[in-house]
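Protein chains in written order, with our numbering: chain L, 580 to 858; chain H, 14 to 282.
Even for Gly, the Cβ is constructed at its ideal location relative to N, Cα and C.
No experiment lies behind these values; they were computed from the predicted model shown.
Following: one structure in structure tokens, then a few remarks.
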Amino acid sequence: MSAIEFTDVRRVFQLPSRTAVALDGISLRIAEQEFVAIVGPSGCGKTTCLRLAAGFDFPSSGAVTVGGRPVRGPGPERAVVFQHFALFPWMTVSANIMLGLRNCKLPKQECTERVAEAIELMKLQGCESAFPHQLSGGMQQRVAIARAYVLEPEVLLMDEPFGALDAQTRVGMQEELVRLARVRPRTVLFITHAVEEAVYLADRVVVMTRNPGRIKEIISVKPIREREAWDRLERIEDVMNQPSFVQLRTEIWRLLRDEQRTSEWSRKDGNKPGKENAA
Amino acid sequence: MPSPGRRMPLSAPERLLLGALGLALFFAVWLSCSLSGLVSPTFLPNPGTVLAQLAHLLRHPYAGHTLPEHLAASLLRYGSGLLLACLVGLPLGLLMGWFRLLDNIVTPIFNGLRFIAPIAWVPFAALWFGTGLGGPVLIIFTGAFPPALIGAYRGARLIDPQLIEAARMLGTPHHRMLTEILLPDAVPSIIAGLRVAAGLGWQSLIGAELIVVSSGIGYMMVQAQAAVSTKTVMAGIIAVGIVGTVIDGILRFGERTVRRRYGVVGTSA
């Protein structure tokens with residue numbers, strides 16, 4: 580059974596002047612403990628995919644299931660990490676991380692223990708009683724990730740989580756996420772527009788096109804990562820220097836670039852050539 | 014927010030010094046007006062006389078009560094009216110910000126009523142609630158209620174939608190969203206509205222007391238006016254100003270504390 584499954588999903592937005600097709604014919608199965616990244620130009624509907632899985636939005640037709648159950652609304656078994664963190668400014672770091680557990684009505688003792696563990700996992704020791712605005716962007720996103728991890732969710736939904744961070748912090752967080760994926764494997768749906776980030780983190784990379792939002796191609800990274808043993812390299816720049824990495828990255832770049840050109844040509848009729856290779 | 018090149022922020026002692034300078038200048042102009050004989054003391058008593066009268070009123074009754082007693086009567090009405098305005102305005106504002114339906118129902122009538130000056134309610138206040146506590150409380154309420162409601166409403170409307178999504182994702186039940194997410198998020202806006210409400214309420218009260226009641230600082234001033242005791246009227250004005258400043262100072266401190274806690278940059282004036 581796949582952890583997340585999109586079956587022929589279509590999402591249409593009714594605008595005052597026209598009908599916009601945000602997603603069309605999206606079919607995607609994400610296996611348990613698989614890390615899937617969706618890349619695509621802005622407006623291709625990648626964030627809409629995540630919102631459907633989170634239960635913030637619903638498909639116009641087709642189905643989205645998580646753990647075999649149709650998504651009917653947001654819930655702690657589908658934890659979301661937002662691009663702009665979405666931490667509660669009046670709560671301390673601990674309180675932010677604890678809110679979800681408190682809502683689950685866990686005994687206080689267990690809440691405290693799990694929060695302490697999450698704080699250690701995300702290396703947030705010493706910040707427990709700080710307020711979000713007192714932390715840097717990178718630290719705030721660590722809190723948001725801790726807040727998601729502490730729920731021990733079935734799936735982790737990350738919406739351009741490092742998009743608001745500066746380049747150095749971003750690299751640190753990417754390495755951190757790889758470390759997390761090793762010690763606490765989870766099913767992850769990761770949205771980004773950074774190709775390198777997607778190739779570095781994901782087992783599979785889904786390339787999307789826009790107008791309408793469709794899946795153009797799905798690239799398997801995992802076999803190459805394992806064959807080339809990227810994991811033996813500690814630092815992100817070493818991985819990114821591997822010929823196999825460069826080749827994959829270039830391949831995805833070309834797909835996106837083609838997409839950009841064709842979508843400029845065919846903007847008018849809203850249709851475009853190009854192969855569709857949804858899994 | 015200081016616009017670039019406009020001015021450097023001043024330190025606290027510098028600001029204090031400039032404030033004192035303005036006050037000194039004010040008294041100097043006043044003093045020179047009355048000392049030069051340009052204005053008759055009946056119209057404008059000199060500052061010394063007024064301050065002496067202020068000191069005198071602290072101990073000796075005028076129009077039945079000493080100044081502190083008048084102030085206490087005023088503050089009791091003021092507190093009740095402001096409390097009532099908050100008890101109704103804050104929840105209603107939050108609910109209006111949360112439920113679009115309620116917003117659509119209440120906003121037209123609210124907008125129609127809020128532009129009526131509190132003092133215009135005096136005849137009704139006296140008629141419906143008498144001149145004891147009820148009448149004046151209604152007047153204060155009409156002054157303080159709109160800004161209290163608007164503060165809460167704005168706070169609720171301007172909440173980052175992602176915070177609501179995050180709260181729902183974390184399993185916050187619907188019935189607790191209002192108290193656990195919306196209310197705390199709106200606190201900076203609420204306290205800003207409260208500051209305006211407190212100021213308008215205090216102004217409305219003095220206005221109301223000029224007309225309806227038989228005690229309070231406004232009442233004392235009306236009695237002094239009838240007796241052509243200009244110095245007493247002016248002493249009353251100064252007392253009203255001082256109390257108003259103190260009230261605003263307390264709320265400003267509260268506002269700053271909250272904004273700092275929430276990490277909101279700058280202050281709202």
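is_contact[L/N850, chain H] using C-beta, thresh 8 Å: Its pLDDT being 44, under 50, L/N850 is placed unreliably in this model, and the value from its coordinates should be taken loosely. Output row for L/N850: interface = no.
Sequence-distant residues of the same chain with beta carbon closer than 7 Å to H/G92, five excluded per side: none
How long is the line joining the alpha carbons of H/F56 and H/G231, rounded to whole angstroms? 19 Å
Considering just the uninterrupted stretch of the alpha helix (DSSP H) at L/R749, what are its terminal residues? 746-762
State the DSSP-derived secondary structure class of H/V277, mapped to helix, strand or coil. coil
Within 8 Å (strictly less), CB to CB, does H/P197 reach chain L? yes
Counting Cβ pairs closer than 8 Å, one from the region 618-638 of chain L and one from the region 671-687 of chain L, do we hit at least three? no
So what does L/T586 bridge to, in DSSP terms? L/A642
Just how far apart, CA to CA, sit H/G206 and H/L95? 12 Å
Going by the beta-carbon positions, is the gap between L/M737 and L/V615 smaller than 8 Å? no
Three-state class that DSSP yields for L/D848 in the structure shown: The predicted model places L/D848 with a pLDDT of 45, which falls under 50 and marks its position as unreliable, so this point remains unresolved.
Could you name the residues of chain H that L/G679 contacts, counting a contact when the two beta carbons are closer than 7 Å? L183, G184
Would you identify the three-state DSSP class for L/E613, choosing helix, strand or coil? coil
Contacting residues, own chain, Cβ-Cβ under 7 Å from L/K847 (five flanking each side not counted): At L/K847, the pLDDT of 46 sits below 50, so the modelled position is not reliable; the number obtained from the coordinates is stated separately. Cβ within range, chain order: n/a, list empty.
Simplified DSSP state of L/S604, which is helix, strand or coil: First, the residue type needs correcting, since residue 604 of chain L is Gly and not Ser in the sequence shown. Strand at L/G604.
Chain L beta carbons: is any one of them nearer than 8 Å to that of H/L176? yes
For H/T285, which residues in the same chain have their Cβ closer than 7 Å to its Cβ, ignoring the five residues on either side in sequence? Missing from the structure shown is residue 285 of chain H; chain H here goes from 14 to 282 and no further.
Residues near L/R828 in its chain [Cβ-Cβ closer than 7 Å; skip 5 each side]: V774, E775, V778
With H, G and I counted as helix, E and B as strand and the rest as coil, what does DSSP make of H/H188? helix
For chain L, find out if any of its Cβ atoms is closer than 8 Å to the Cβ of H/G164; answer yes or no. no
Selection of the region 683-698 of chain L by Cβ proximity to chain H, strictly under 8 Å: C683
Hey, could you find the ends of the alpha helix (DSSP H) H/D116 is sitting in? 113-127
Cβ atoms of L/A723 and L/F664: under 8 Å apart, would you say? yes
Please state the DSSP three-state secondary structure of H/L47. A small fix is needed here, since residue 47 of chain H is Ser in this sequence, not Leu. H/S47 falls in the helix class under three-state DSSP.
Tell me, please, whether the CB atom of H/R269 is closer than 8 Å to any CB atom in chain L? no
Determine the direct distance from the alpha carbon of L/V734 to that of L/A873, and round the result to whole angstroms. Only positions 580 to 858 of chain L appear in the structure, and residue 873 of chain L is not among them; the question remains open.
Cβ of H/A169 within 8 Å of Cβ of H/L107? yes
For L/V786, list the residues DSSP reports as bridge partners. L/V618, L/E796
Contact list for the region 761-785 of chain L against chain H, Cβ threshold 7 Å: none
Quick check on DSSP: helix, strand or coil for L/H663? coil
Using the C-alpha atoms, what's the distance from L/I815 back to H/L195? 41 Å
Take the Cβ of H/V241 as the centre, count every other Cβ of all protein chains shown within 10 Å, and call the residue buried at 16 or more, exposed below. exposed
Do three or more CB pairs link the region 77-90 of chain H to the region 208-228 of chain H at distances below 8 Å? yes
Could you spell out the range, first to last residue, of the alpha helix (DSSP H) harbouring L/L547? The structure shown does not extend to residue 547 of chain L, since chain L is modelled only from 580 to 858, so the question has no answer here.
Please tell me whether L/G619 has its Cβ less than 8 Å away from any Cβ of chain H. no
Report yes if the C-beta distance between H/G276 and L/H712 is below 8 Å; otherwise report no. yes
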